[in-house]
Amino acid sequence: MVFAVLSRLLLGIVLLSDIQSVSNEEVDISTLARIRVHLNLKYTYGGAVQYAINVPKEQCRRGFIPSSFNFLTKDMSSDVRPYFQHDNKEVYQGTELTATVVHRDAPYEHLLMNPPNKSPLTHLLNKRSDGCVIFYTYRFSPCVDGCLNSSVMLAGLQELENYQGMKAFVYTHTHKEDQNYHNLHNKLKKIAEHVPLYQCRGRSCTPCGNHVRSRCLR
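This is the structure:
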């Protein structure tokens, strides 16, 4: 009797451990770098752009190589790029991709995350509840004063944290106006506290960690 109870207890612990390990699965860093390069080549026009994608988990695991034939196949560049005109406030909302261009009066994070819980990001997250979501800022990390202090941005980060699948927040450089900001480290930690944070340049990515490595501040 005691043995049976202990066996069930151990089985429950193992199952709980398995569930936690799956829910905490992280994007493969090499695959993440390839996805970023693919997004740049397929869609980016040269300006500051922000993307959010929600794809099957298998496409964020080790060994996956994105191409036009197996990745974001229903979100054609010919449909996306017209939204990247200078100062355009319209957000592209496709099948597995949501994207917008920087606007002088509204940070692109606000365009994707506003209004909280009813935003283009919310709509994208709801399309696949246990997939892989990557929030990618081409060029710069969110600006310190106009973005990371915003209730809209923090609400969006909370949505990403609550998402049950794999997830990553990716940027290339820290915002040019914030590189000498004395509290930049703590501001970027606001992101890392909610979602795994990565800095990606060229064909490689660096995990910034919960405490944000110093190399991620450049």
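Those letters in the sequence shown? Residues -24 to -1, 1 to 194, per mature numbering (1 follows the signal peptide of the UniProt record, and there is no 0), in order.
Glycine included, C-beta positions come from ideal geometry on N, C-alpha and C.
If you're wondering where the values come from, they're calculated on a predicted model, not measured in any experiment.
Self-check item: First through last residue of the beta strand (DSSP E) which encompasses S180
Solution: 180 to 183
Self-check item: Nonlocal neighbours in the same chain, by C-beta distance under 7 Å from E1, ignoring five residues either side
Solution: M142
Quiz item: Going straight from the alpha carbon of Y19 to that of S53, what length do you get?
Solution: 5 Å
Quiz item: By a C-beta neighbour count over all protein chains shown, 10 Å radius and 16 as the cutoff for buried, is P91 buried or exposed?
Solution: exposed
Quiz item: So A28 and L97 are in contact, right, with Cβ under 8 Å, and what is the actual spacing, rounded?
Solution: About 6 Å; that satisfies the 8 Å criterion.
Quiz prompt | Simplified DSSP state of A24, which is helix, strand or coil | solution = coil
Quiz item: Helix, strand or coil: which one does DSSP assign to S(-4)?
Solution: At S(-4), the pLDDT of 35 sits below 50, so the modelled position is not reliable; the number obtained from the coordinates is stated separately. Here S(-4) sits in helix by DSSP.
Quiz item: Exposed or buried, R179, counting other C-beta atoms within 10 Å across all chains shown (16 or more means buried)?
Solution: exposed
Practice problem: From the DSSP output, in three-state form, read off H62 for me. | Solution: coil
Practice problem: Measure from the alpha carbon of T148 to the alpha carbon of each residue in Q140, E135, V171, C184, then state which is nearest. | Solution: C184
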